[in-house]
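For the protein sequence lines, the chains are A and B, in the order given. Per my numbering, the first sequence runs over residues 985 to 1307. Per my numbering, the second sequence runs over residues 985 to 1307. The beta carbon of each residue, even a glycine, is placed where N, CA and C say it ideally should be. This structure is a prediction, so every number in the text was calculated from the model and none was measured.
There are 2 protein chains.
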Amino acid sequence: MMAGLRRPSDPAVVVGTETSDDAGVYRLSEDTAIVCTADFITPVLDDPYLFGKIAAANSLSDVYAMGGVPRAAIALAMFPKELAPEAAAQILAGGQDQVAEAGAAVIGGHTVRGQELYYGLSVTGVVHPDRIFRNVGARVGDRLILTRPLGSGLIINGLRKGAIDEARARPVLARLAELNRAASEVMVQLFEHVHAATDVTGFGLLGHARNLAVGSRVGLAIDLGSLPLYPHVREMVEKGVTTGSTRPNRESVAPLLRGALSKFWDELVHDPQTSGGMFISASGARADELCRRLVDAGVADATIVGEVKASTSDGPFLEVRGE
Amino acid sequence: MMAGLRRPSDPAVVVGTETSDDAGVYRLSEDTAIVCTADFITPVLDDPYLFGKIAAANSLSDVYAMGGVPRAAIALAMFPKELAPEAAAQILAGGQDQVAEAGAAVIGGHTVRGQELYYGLSVTGVVHPDRIFRNVGARVGDRLILTRPLGSGLIINGLRKGAIDEARARPVLARLAELNRAASEVMVQLFEHVHAATDVTGFGLLGHARNLAVGSRVGLAIDLGSLPLYPHVREMVEKGVTTGSTRPNRESVAPLLRGALSKFWDELVHDPQTSGGMFISASGARADELCRRLVDAGVADATIVGEVKASTSDGPFLEVRGE
Chain A
985 MMAGLRRPSD
995 PAVVVGTETS
1005 DDAGVYRLSE
1015 DTAIVCTADF
1025 ITPVLDDPYL
1035 FGKIAAANSL
1045 SDVYAMGGVP
1055 RAAIALAMFP
1065 KELAPEAAAQ
1075 ILAGGQDQVA
1085 EAGAAVIGGH
1095 TVRGQELYYG
1105 LSVTGVVHPD
1115 RIFRNVGARV
1125 GDRLILTRPL
1135 GSGLIINGLR
1145 KGAIDEARAR
1155 PVLARLAELN
1165 RAASEVMVQL
1175 FEHVHAATDV
1185 TGFGLLGHAR
1195 NLAVGSRVGL
1205 AIDLGSLPLY
1215 PHVREMVEKG
1225 VTTGSTRPNR
1235 ESVAPLLRGA
1245 LSKFWDELVH
1255 DPQTSGGMFI
1265 SASGARADEL
1275 CRRLVDAGVA
1285 DATIVGEVKA
1295 STSDGPFLEV
1305 RGE
Chain B
985 MMAGLRRPSD
995 PAVVVGTETS
1005 DDAGVYRLSE
1015 DTAIVCTADF
1025 ITPVLDDPYL
1035 FGKIAAANSL
1045 SDVYAMGGVP
1055 RAAIALAMFP
1065 KELAPEAAAQ
1075 ILAGGQDQVA
1085 EAGAAVIGGH
1095 TVRGQELYYG
1105 LSVTGVVHPD
1115 RIFRNVGARV
1125 GDRLILTRPL
1135 GSGLIINGLR
1145 KGAIDEARAR
1155 PVLARLAELN
1165 RAASEVMVQL
1175 FEHVHAATDV
1185 TGFGLLGHAR
1195 NLAVGSRVGL
1205 AIDLGSLPLY
1215 PHVREMVEKG
1225 VTTGSTRPNR
1235 ESVAPLLRGA
1245 LSKFWDELVH
1255 DPQTSGGMFI
1265 SASGARADEL
1275 CRRLVDAGVA
1285 DATIVGEVKA
1295 STSDGPFLEV
1305 RGE
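(1) What's the call for Pro1133(A), buried or exposed, on a 16-neighbour Cβ count within 10 Å?
(2) If we require 3 or more residues per run, which beta strand (DSSP E) segments fall completely within the region 1148 to 1209 of chain B?
(3) Listed in chain order, which residues of the region 1145 to 1173 of chain A have Cβ atoms closer than 9 Å to some Cβ of chain B?
(4) Quick check on Arg1305(A): does DSSP put it in helix, strand or coil?
(5) Near Arg1234(B), which residues of its chain fall below 6 Å by C-beta distance, leaving aside the five closest residues on each side in sequence?
(6) Measuring CB to CB, does Gly1078(A) end up less than 8 Å from Gly1036(A)?
(7) Take Asp1207(B) as the anchor and find which of Gly1199(B), Glu1251(B), Lys1247(B) and Ile1129(B) has the nearest alpha-carbon.
(8) Can you tell me whether DSSP reads Pro995(A) as helix, strand or coil?
(9) For Gly1121(B), which residues from the same chain have a beta carbon less than 7 Å from its beta carbon, with the 5 sequence-adjacent residues on both sides left out?
(10) Beta-carbon within less than 8 Å of Gly1093(A)'s beta-carbon, same chain only, minus the 5 sequence neighbours each way: which residues are those?
(11) Please go through the same chain and pick out, in chain order, the residues whose beta-carbon is closer than 7 Å to the beta-carbon of Gly1209(B), but skip the five residues on each side of it.
(12) Ignoring anything shorter than 4 residues or poking outside the region 1224 to 1253 of chain B, list the alpha helix (DSSP H) runs there in chain order.
(13) Go through the region 1073 to 1125 of chain B residue by residue and report every complete run of the beta strand (DSSP E) that reaches 3 residues or more, in order.
(14) So, at 7 Å on beta carbons, what are the nonlocal neighbours of Ala1147(A) in its own chain, with the 5 sequence-adjacent residues on each side left out?
(15) Beta-carbon separation of Leu1044(B) and Val1107(B) under 8 Å?
(16) Kindly list, in the order they appear in chain A, the residues whose Cβ is closer than 7 Å to that of Val1118(B).
(17) Given 8 Å as the limit, is there contact between the region 999 to 1015 of chain B and the region 1236 to 1250 of chain A, that is, 3 or more CB pairs closer than that?
(18) Whose Cβ in chain B lies nearer than 8 Å to the Cβ of Ile1288(A)?
(19) Listed from N- to C-terminal order along the chain, which residues in the region 1081 to 1092 of chain A have their beta-carbon within a distance smaller than 9 Å of any beta-carbon of chain B?
(20) Answer with buried or exposed for Gly1142(B), where buried requires no fewer than 16 other C-beta atoms within 10 angstroms of its C-beta.
(21) Pick out whichever of Leu1174(A), Val1028(A) and Arg1159(A) has its Cα sitting closest to the Cα of Ala1284(A).
(22) Chain A partners of Tyr1102(B), CB-CB under 9 Å?
(23) DSSP on Gly1000(A), reduced to helix/strand/coil?
(24) Excluding the five sequence neighbours on either side, which residues of its own chain have a C-beta within less than 6 Å of the C-beta of Thr1185(B), listed in chain order?
(25) Can you tell which of Ala1269(B), Gly1299(B) and Arg1118(B) has its C-alpha closest to the C-alpha of Val1172(B)?
(26) So for Glu1219(A), helix, strand or coil by DSSP?
(27) Can you grab the Cα-Cα spacing for the pair Arg1144(A) / Ser1229(A), in whole Å?
(28) Figure out for me which residue from Pro1215(A), Gly1125(A) and Ile1038(A) has the closest Cα to the Cα of Ala1271(A).
(29) Would you kindly work out how many angstroms separate the C-alpha atoms of Leu1163(B) and Arg1194(A), rounded to a whole number?
(30) Going straight from the alpha carbon of Glu1155(B) to that of Glu1273(B), what length do you get?
(31) Just to confirm, are Val997(A) and Asp1005(A) a CB contact at a threshold of 8 Å?
(32) If you count every other CB in all the chains shown that lies within 10 Å of the CB of Ser993(B), and 16 or more means buried, which is it?
(33) Quick one: what does DSSP say Asp1280(A) is sitting in, helix, strand or coil?
(34) Could you tell me how far apart the beta carbons of Leu1204(A) and Leu1196(A) are, in whole angstroms, since I believe they sit closer than 8 Å?
(35) Helix, strand or coil, according to DSSP, for Asp1023(A) in the structure here?
(36) Let me check understanding here. Comparing Cα to Cα, which of Val1053(B), Ala1073(B), Ala1071(B) and Ala1072(B) lies closest to Gly1087(B)?
In structure tokens, the structure reads:
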């Protein structure tokens, strides 16, 4: 929807709404730009404090995906009348704690009464205007890295539908509260070798891969067998769990897709992620090193999952392999 | 709700959530701080483009109230399924045009599907960390200035309830799209003489006056007869129009209130404002000059509406006079 807005002519706008990047970037001076983003989501589990943490991690992730450092956040909330005040306070406290974990501060908020429950943050971070990660810039020969498992949408919906119990879902969902901070810091250290990056959220792996392929005018080949997955996802697919976004996600990338997908992989590559990982296009010669350094920094699931190819006469494409 | 959050211990937080200020302020360097705020509202009239402008002016106002200059904005929207795509586009376009009018840029957005329609902005502005207007700092002997008429809540609700037709309401509502930019710029020019300031929004004149009185530990005396009012507000009150926030607003300031209010003034001083004016505590010696310069800058309704008194043994108070 936002992509339809014309690009502001303001020369201080480094990244606007035109390339489906994760956040906007606005130059304040020669060496300082602000990274601005906002996100709010519906509850992913019944624990208000953990939900607050996950929603905050999800909002902060867009700043990390651009190589920025989160500084200040504003809480954005829609709370239904029926929500217990203690639950609302727990959501806000979870968000605030995760913002503090990011080294930033919640300095305000806006809350409305509504029929649905939503919570999230608008976040302002800082970044050097010449050191921004974007959707554009992936080069032929790059290798693709994914830093977190896929399948959180299946677990969240499995829990909602009773296909998995809280005891088994919770350890997975707790991981969604983890920040992409360490991943971003390692990427910044190897800035010259990170040619493009995004985080994987609502459009699923292939939806965000599509933005990167189109933005960079390349083809992306993804090795299905190498994709990191959360536990229990095969069980969720076998039980028929899916999400409301999976089908629109699938339809939106279909024109670019090459290769066959089994039912299982079809669910996973289109599964909308909450607080998903970084998807990185790194120079072929340094991708192994980047991956190793990510793992050393605690990003345990960072894995090479594919490579960048030249786009063909049909334009950018997404190739899935290994089925 | 946000005031219940503990203050972040981060020393870069210049203004956090503890004093009901209009926006948060976070120091980036010795001479640069960011002002961050977010607001989203339900439609105030049936014209999507004008609504977008008003919602944007309303969101930008919090940055102006702190003496900041808006730079970058993120659109925040909840759009119901039934909303025509053209109407959604008009709302976003109105917002974007008003952000451009402020010299800032919309650099991103977050839209969700929901049952209600909400639109607004998160805004990041810049300000010198030593030149911030706050709720605290009003001094005994200051005079109080209000820069815009009261009663927009009555007009908006009168229109919803059919107590006023679109043709008569629209000229009033169109004024809500005006920015508080000129007012803020004049206040910045006379920075040393502006001891405290806020903008008048959902809590009504007395609700925001209360925040300023409590924050500054003073009493505020307001001359009812001098308050600027939008056209048609007496008719609205006579027709029994009120708003859903008027009663909670009244109850929340009742403990501090001194003096009698007729039904008419009772509605007006508690009427929630959308995109309301600045409420300024300026040094007694320079208030006339500030007011004159505001009028010269196009802030035609700027008026002296009262004065600051010493708080008594009961603490801060709000006195209404001239009934």
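Once the coordinates are examined:
(1) Within the first sequence, the letter at position 149 stands for residue 1133(A). Under this definition Pro1133(A) is a buried residue.
(2) 1178 to 1183 and 1202 to 1207
(3) none
(4) Along the first sequence, one-based indexing puts residue 1305(A) at 321. Strand, per DSSP.
(5) The residue given as residue 1234(B) occupies position 250 in the second sequence. Counting only Cβ-Cβ distances below 6 Å, and skipping sequence neighbours, we find His1254.
(6) On the first sequence, residue 1078(A) is found 94 positions in, with the first residue counted as 1. On the first sequence, residue 1036(A) is found 52 positions in, with the first residue counted as 1. Their beta carbons are under 8 Å apart, which means Gly1078(A) touches Gly1036(A) by this criterion.
(7) Within the second sequence, numbered from 1, the residue matching residue 1207(B) stands at position 223. If we check each option's Cα against that of Asp1207(B), Ile1129(B) comes out closest.
(8) Position 11 of the first sequence, counted from the start, is the residue given in the question as residue 995(A). Reduced to three states, the DSSP call for Pro995(A) is coil.
(9) To locate residue 1121(B), count along the second sequence from 1; it is residue 137. Result list for Gly1121(B): His1179, Ala1180 and Ser1200, in chain order.
(10) Working through the first sequence from its first residue, we reach residue 1093(A) at position 109. Correct list, in chain order: Ile1058, Ala1059, Leu1060, Ala1061 and Leu1076.
(11) Your numbering for residue 1209(B) matches position 225 in the second sequence. Cβ neighbours of Gly1209(B) beyond the five flanking positions: Gly1306.
(12) 1230 to 1237
(13) 1089 to 1097 and 1102 to 1111
(14) Residue numbering aside, residue 1147(A) sits at position 163 when the first sequence is read from its first letter. Closer than 7 Å at Cβ, skipping near neighbours: Met1220, Lys1223 and Val1225.
(15) Position 60 of the second sequence, counted from the start, is the residue given in the question as residue 1044(B). Position 123 of the second sequence, counted from the start, is the residue given in the question as residue 1107(B). Cβ atoms of Leu1044(B) and Val1107(B): closer than 8 Å.
(16) Here residue 1118(B) refers to the residue found at position 134 when the second sequence is read from its first residue. For the record, residue 1118(B) in the displayed sequence is Arg; it is not Val. Ordered by position in chain A, no residue passes the 7 Å Cβ test against Arg1118(B), which lies about 13 Å from the chain.
(17) no
(18) Position 304 of the first sequence, counted from the first residue, corresponds to residue 1288(A). Correct list: empty, because the minimum Cβ distance to chain B is about 30 Å.
(19) Val1083, Ala1084, Gly1087, Ala1088, Ala1089, Val1090, Ile1091 and Gly1092
(20) Taking the first residue of the second sequence as 1, we reach residue 1142(B) at position 158. Flag for Gly1142(B) reads buried.
(21) In the first sequence, the residue the question calls residue 1284(A) occupies position 300. With distances taken between Cα atoms, Ala1284(A) lies closest to Arg1159(A).
(22) The residue labelled residue 1102(B) in the question sits at position 118 within the second sequence. Met1062, Val1096 and Gly1098, listed in chain order.
(23) For the purposes of this step, residue 1000(A) is taken as the residue at position 16 of the first sequence. Gly1000(A): coil per DSSP, three-state reduction.
(24) Translated into the one-based positions of the second sequence, residue 1185(B) becomes position 201. Counting only Cβ-Cβ distances below 6 Å, and skipping sequence neighbours, we find Gln1257 and Gly1260.
(25) By 1-based counting over the second sequence, the position of residue 1172(B) is 188. With distances taken between Cα atoms, Val1172(B) lies closest to Arg1118(B).
(26) Mapped onto the first sequence, residue 1219(A) falls at position 235. Reduced to three states, the DSSP call for Glu1219(A) is helix.
(27) Residue 1144(A) sits at position 160 when you count from the first residue of the first sequence. Residue 1229(A) sits at position 245 when you count from the first residue of the first sequence. For Arg1144(A) and Ser1229(A), the distance between alpha carbons rounds to 15 Å.
(28) Within the first sequence, residue 1271(A) is the residue found at index 287, counting from 1. Nearest of Pro1215(A), Gly1125(A) and Ile1038(A) to Ala1271(A), Cα basis: Gly1125(A).
(29) By 1-based counting over the second sequence, the position of residue 1163(B) is 179. By 1-based counting over the first sequence, the position of residue 1194(A) is 210. Approximately 39 Å between the Cα atoms of the pair.
(30) As a working note, residue 1155(B) is residue 171 in the second sequence. As a working note, residue 1273(B) is residue 289 in the second sequence. Position check: residue 1155(B) holds Pro in this sequence, whereas Glu was assumed. Computed Cα separation, rounded: 29 Å.
(31) As a working mapping, residue 997(A) is identified with position 13 in the first sequence. As a working mapping, residue 1005(A) is identified with position 21 in the first sequence. No; because the gap between Cβ atoms is not below 8 Å, this pair is not in contact.
(32) Residue mapping note: residue 993(B) aligns to position 9 of the second sequence, counting from 1. That one is exposed.
(33) Along the first sequence, read from residue 1 onward, the residue named residue 1280(A) stands at position 296. If DSSP states are grouped into helix, strand and coil, Asp1280(A) belongs with the helices.
(34) For the purposes of this step, residue 1204(A) is taken as the residue at position 220 of the first sequence. For the purposes of this step, residue 1196(A) is taken as the residue at position 212 of the first sequence. Right, their Cβ atoms sit about 7 Å apart.
(35) Your numbering for residue 1023(A) matches position 39 in the first sequence. Correct three-state label for Asp1023(A): strand.
(36) Here residue 1087(B) corresponds to residue number 103 of the second sequence, with the count starting at 1. The shortest C-alpha separation from Gly1087(B) is found at Val1053(B).
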